[in-house]
Amino acid sequence: MDFLRPTSLADALSAKADQPEAVPIAGGTDVMVELNFDHRRPSALLDLTRVPELATWEPTADGGTRLGAGVPYTRIITELGARLPGLAMAARTVGSPQIRNRGTVGGNLGAASPAGDTHPVLLAVDAAVELRSVRGTRVVPVREFYTGVKRSVLASDELITAVLLPRAGGPQQFSKVGTRNAMVIAVCSFGLALHPGDGTVGTGIGSAGPTPLRATEAEWFLTGELADGDLWESPKPLTDSVRRRFGELVAEAAAPIDDVRGSAAYRRHALSVLARRTLGWAWQDYRTGGDQRCA
Amino acid sequence: MTQYEGITRRGMLGLVGAAAATVPLDSGAAGAQAASGEVTVRMTVNGSATSLTVDPRVTLLDALRERLQLTGTKKGCDRGQCGACTVHVDGRRVVSCLTLLATLDGASVTTIEGLADGDRLHPLQQAFIEHDGFQCGFCTPGQIMSAAAVIAEGGARTDAEIREQMSGNICRCSAYPGILAAIRQARTEMR
Amino acid sequence: MTKPAEVTRSTTGGIGESPLRPDGALKVRGEFAYSSDLWHEDMVWGVTLRSPHPHARIRSVDLTEALRVPGVHAVLTHQDVPGTNRYGLEHADQPVLAVDLVRYHGEPVALVAADHPETARRAMKRIKVDYEVLTPVSDAEHAVHGDGPRLHRDGNVVRHVPIRRGDQNATAPVVVHGVYEVGMQDQAFLGPESGLAVPAEDGGVDLFVATQWLHVDQRQICYALGLPADKVRLTLAGVGGAFGGREDLSIQVHACLLARHTGKPVKMVYNREESFYGHVHRHPAKLYYEHGATEDGRLVYVRSRIYLDGGAYASSTPAVVANAATLGFGPYNVDNVTMDCWGVYTNNPPCGAMRGFGAVQAGFAYESQMDKLAAALGMDPVEVRVRNAMSEGSTMPTGQVLDSAAPVAELLRLVRDRPMPAERGELDLRAMPGGVSNTTHGEGVVRGVGYAVGVKNICFSEGFDDYSTARLRLEVLGGEPAATIHTAAAEVGQGLVTIEQQIVRTELGIQQVTVHPADTTVGNGGSTSASRQTYVTGGAVKAACEAVREKLLKLAVTRFGEPRANLTPAEIVSVLGTEVIEETVEWRHRPTTALDPETGQGFAHVQYGFAAHRAVVDVDVELGLVKVVELACAQDVGKALNPQAVVGQIHGGSVQGLGLAVMEEIQVTEGKVRNPSFTDYLIPTILDTPPMPVDVLELADPHAPYGLRGVGEPPTISSTPAVVAAIRAATGLALTRVPVRPEHLTLEEPR
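Chains as they are written, first to last, in the numbering used here: chain A, 1 to 295; chain B, 296 to 486; chain C, 487 to 1237.
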């Protein structure tokens, strides 16, 4: 097996071009499980931990954030809680503190597991994934990134170099159900972002379908309700029926299965609750202009 | 004086395997790709410069245990779900079972064997003994390494904080109340 | 109670104190040598090929390709087992390596030794086994009464224990029925099965292994290898937790076989997935109960049928069945009882010992019934328990009279009368069901309080010759009297080595006590299970001290010309001089008797332990997530030889019970294990573990050394039903199955 240790992005891209079968590894928290159990035996590993371009984040001109694919979760929690509130909330639930010191959003996207904790937020905030190869750079909306179970549009010669997240123009929430109170894989999860700027809302569903999913009907419904009631301008409390309907539509958008972590029926049920609750918290934040309720 | 002898199996057997493939620092091979597909990694382990040439798939955990004979770091699950293999890499705690050794060229690694100051136990080690923070002790090296990082990061101010920050270290004997008490005590002493 | 012998009171670190563990410094430094840490410069690595099917006929096994892998030293099948290819704790019904049939998912079929573990694994994958897959028998109740296949020669019933006492046709004005289920819990000790077998020049083998019972391992290895006991020598390696899961063999025979075939030391270490296949689990159970009571809440009769799924092989199922049956009515006075308890063969993973051992399954059911009865009567659940509580002098359903303290009512009152934990304060996600996963800010959260009490037998039962052996050596070292205590009893984390030192210090009035490694060069120490080691090995150590002391005092007569009642350390030094006193003593607790096979009557258990819990939980009733807020325990320990260790045991048992209540289960579908990893077999973390205040009673048992009562298991019995009772109180749901899953809390109809 080859072990490739590029020290610049250019070198990394040419290495990936030369050996497209090389498996990129940054924090390693996902890939290593497969290596340890010999479930995967790649012909080459591509170590990205020495590529400085991947390990930084910076503000973008439009007020958003360009998050290097190799920034570990711990830094997202400690450095980006205000800029990327939803993502920071999700990052806090990833694995254990030790995992969060190594694991990265780039890895989460690379694995493209429906249970990955950051996907619902990335979907909800309408993030984009920056993919690079020696052929050039393309930016793919995350909503078009996932193509199947643990599959994505990532080409074999490409690397995930960054995630582009728009400015958080409104409240964001993330909520995840697990059967233990810490260090647990999602039974299901939900991300929500309110976008007062254009009067829309974004959603993301995790662990309840072959890929992370958007609840498009729920988004349209809520966007319509907020517009019809002129609620962005004069934000009254949302009625119980609006919150419930939103929850139902989110549950309907899911395509869950029964597995050892939970039943399909429970996942749908739980998603309706998570959606209703997160909407309540986000709207409350919007109304009061308060800080994120991230206790 | 108290002794307990049921312990140094290696000493008893008298057949300790040496660090078979430790290469001298001046080999000049660091970072180079060995012909066989092996990788040479230079790093500092518990303050000592070390160089290892390994298959790229070798984890930090296996390298510590099988190449460097540092068996204090434990293998409990192979997938980052128990925390028994927690060590520090460049001051941050990581699970060594999910850390590829080959990615650590130039890194500084601290394991449980590097925590005490000679014969003097680290305050956390002492506190774990005093508060019965373990029974079988298999998770203990990982618990202590994790706790040392939590305290250093300032993340052990309240019980709730300690509980959240220590939630990546399973103790099946459930000595959690003792662990909590030990961290509280050491937090004060480490100031 | 037995009075402690006269001791020199200047001793510190004796019984009743909490001296530091002798293995503590090594453990916190990472220097304690666990079985997985063993190393030999010439060693090769052994791995096990296991069946992927729960039930299949083996048509053929082809080793050709495996043997061709460079670096492979041996590939073995059942044909290479020189002795009898059978082992088992109570029935030798399990093949060392499968012959023509596999009966569970994970059953060992072949072994490989190679110079590197990965080489061994690769070679293992090249072994070709041709299986004819058979339909698995997966339902225990059906296996007993149904018309399915017989999995073993004598049928599918491992053991049936009936109990008949009193009026079998009793009636009562208030009757509650219930059907309960307990999922398959795993011991999940963190230190995986492992050991090192070293072939010896005399044709024997030396095995260093983590186990609970060296001598029973030795016996089974000898049988399989066809070797006499003096050729199979075992030494206890560091044990990374046990909880029952190391009472059966794992790597023992396999490693010795490979060592003898290769002529090289062989190390075997399971990874976590293999560990799930490599040891027995807690029996899943289905339990039918009917309780009849008077209108003022006094039990008139209890009738029960219990099915314990023993899986493919017997392991300790017969003893688990006896426990579930004899303890299956709980610590309550009831004159008329009917019990039928079955332990059953299926094609599920083999089940055997786990902390609580049959009493856990029954405890969940009978305590659920007591709550149901309280509800039917409109009575307080503690009150209905207190009203029926056993006490000293009560008669067990086996006819055995409790001849020492049985403070059931007092334990219940202690947990009931504790101040309640504070209500939730300001929003802190870490205090919420769901934790930092941010599932609720208080919405849907309902608090519930639940109570339970349980009973567990201590030590081995039913006439078993239950003893331990202690060898004590006293000499002068460096001008001080020094003792070395040697037993074969396994320290698995519980602190037995500390207790042994404490007893010697107390009995001999000296400070310096060394604990010799446990091995088979000294007599049987019995199993580290049934909460028995402090009682039995502690008793043996005490008896050895008495024997040494007697010799010492005789020597003192010669030295001083007159008898002395007591010797100071300085006097011991002058009496001993260069002499060494060594005594080896076998010590037994008072005998028990078998159960009558028709009526289940008999003096079956030597001692009973009692514990009660109060659980306070917050349940998110919409999401079905649970946060245990507090888990208070009260337990009678007779005498706390080491108070700190006693509390540690109570905490440990309580949390394992909490785990069974809300998260721990090996999920098995048609005989296949679906979650053999710590990703999906969840164990409580520190964030799931609430404050656990403990009340310890010390009501001496006059029959036991120092009056002590076994500690480790009783809290495991009452913890689970207390947590579930609290969840019921919060939700109003019936909750008849553990672990309680979010689905059960959100998708089931209220009762």
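Every residue gets a Cβ at the ideal spot worked out from N, C-alpha and C, and that includes glycine.
Here the structure is a predicted model, which means the values were calculated and not measured.
When Cβ-Cβ separations below 8 Å define contact, A:D285 makes no contact with chain C. Apart from the 5 residues on each side of it in sequence, C:Y799 sits with its Cβ closer than 6 Å to the Cβ of D579, Q580 and P836 in its chain, given in chain order. Per the coordinates, the alpha-carbon of B:Q460 lies some 41 Å from the alpha-carbon of C:I971.
Here C:R768 has Q671 and M840 as same chain residues with Cβ atoms under 6 Å from its own Cβ, once five neighbours each way along the sequence are excluded.
Between A:D285 and C:T1222, the alpha-carbon positions lie close to 41 Å from each other. Of the residues A:P52, A:D126 and A:S96, the one whose Cα lies closest to the Cα of A:A215 is A:D126. Taking C-beta separations shorter than 7 Å and ignoring five residues to either side along the sequence, the partners of A:R151 in its chain run A112, following chain order. The count of Cβ pairs closer than 8 Å, one atom from the segment 800-808 of chain C and one from the segment 594-601 of chain C, stays below three, leaving the stretches out of contact. Here C:Q1019 has A975 and L982 as same chain residues with Cβ atoms under 6 Å from its own Cβ, once five neighbours each way along the sequence are excluded. Between C:G921 and chain A, the shortest Cβ-Cβ separation is below 8 Å. For the segment 97-128 of chain A, residues whose beta-carbon sits nearer than 7 Å to a beta-carbon of chain B comprise P97, Q98, I99, N101 and R102. Rounded to whole angstroms, the separation of the alpha carbons of C:K1158 and C:A745 is 31 Å.
Residue pairing for C:E961: DSSP places it in a beta bridge opposite C:A968. Between the alpha carbons of C:G641 and C:T1175 lies a distance of about 43 Å. Taking 9 Å as the upper bound on Cβ-Cβ separation, chain B lies near residues A511, L512, K513, V514, R515, G516, E517, F518, A519, Y520, S521, S522, D523, L524, W525, H526, E527, D528 and M529 of the segment 511-538 of chain C. Listed along chain A are Q98, N101 and R102, each with a C-beta nearer than 7 Å to that of B:V389. Below the 9 Å Cβ cutoff, chain C contributes no neighbours of B:Q480, its closest Cβ being approximately 13 Å away.
Along the segment 454-478 of chain B, going in chain order, the ones with a CB nearer than 9 Å to a CB of chain A are R458, E459, Q460, M461, S462, G463, N464 and I465. Chain-ordered, the chain B residues with CB closer than 9 Å to the CB of C:G981 read D427 and Q430. In the three-state DSSP reduction, C:V647 falls in the strand class (E or B).
Counting along the chain, B:M338 sits inside no alpha helix (DSSP H); it lies in the beta strand (DSSP E) bounded by residues V334 to V340.
Not a single C-beta of chain C is nearer than 8 Å to the C-beta of B:I446. Between C:R873 and C:L898, the C-beta spacing is not below 8 Å. For chain C, the residues of the segment 16-49 of chain A that bring a beta carbon within less than 9 Å of one of its beta carbons are V33, N36, F37 and D38, in chain order. Within the DSSP secondary-structure output, B:H383 pairs in a beta bridge with B:R388 and B:T405.
Taking C-beta atoms as the reference points, A:V71 and A:A55 count as a pair closer than 8 Å. The beta strand (DSSP E) runs lying completely inside the segment 703-769 of chain C and spanning 3 residues or more are 718-722 and 752-755, given in chain order. Here C:T1000 is actually not in contact with C:G1011; their C-beta atoms are around 17 Å apart, not less than 8 Å. If one requires a minimum length of 4 residues, the alpha helix (DSSP H) runs lying completely within the segment 495-524 of chain C are 510-515, in chain order.
Check the Cα spacing between C:A779 and each of C:G864, C:H701, C:L676 and C:V662: the tightest is with C:V662. Contact between the segment 371-378 of chain B and the segment 17-35 of chain A is established, with three or more Cβ pairs separated by less than 8 Å. In the structure shown, B:T483 falls within a helical segment according to DSSP collapsed to helix, strand and coil. Taking C-beta atoms as the reference points, C:G730 and C:S521 fail to come closer than 8 Å. In the three-state DSSP reduction, A:P42 falls in the coil class, being neither helix nor strand.
Interface annotation, A:D230: not in contact with chain B, CB-CB separation never under 8 Å. Not a single unbroken stretch of the beta strand (DSSP E) spanning 3 or more residues falls wholly within the segment 849-914 of chain C.
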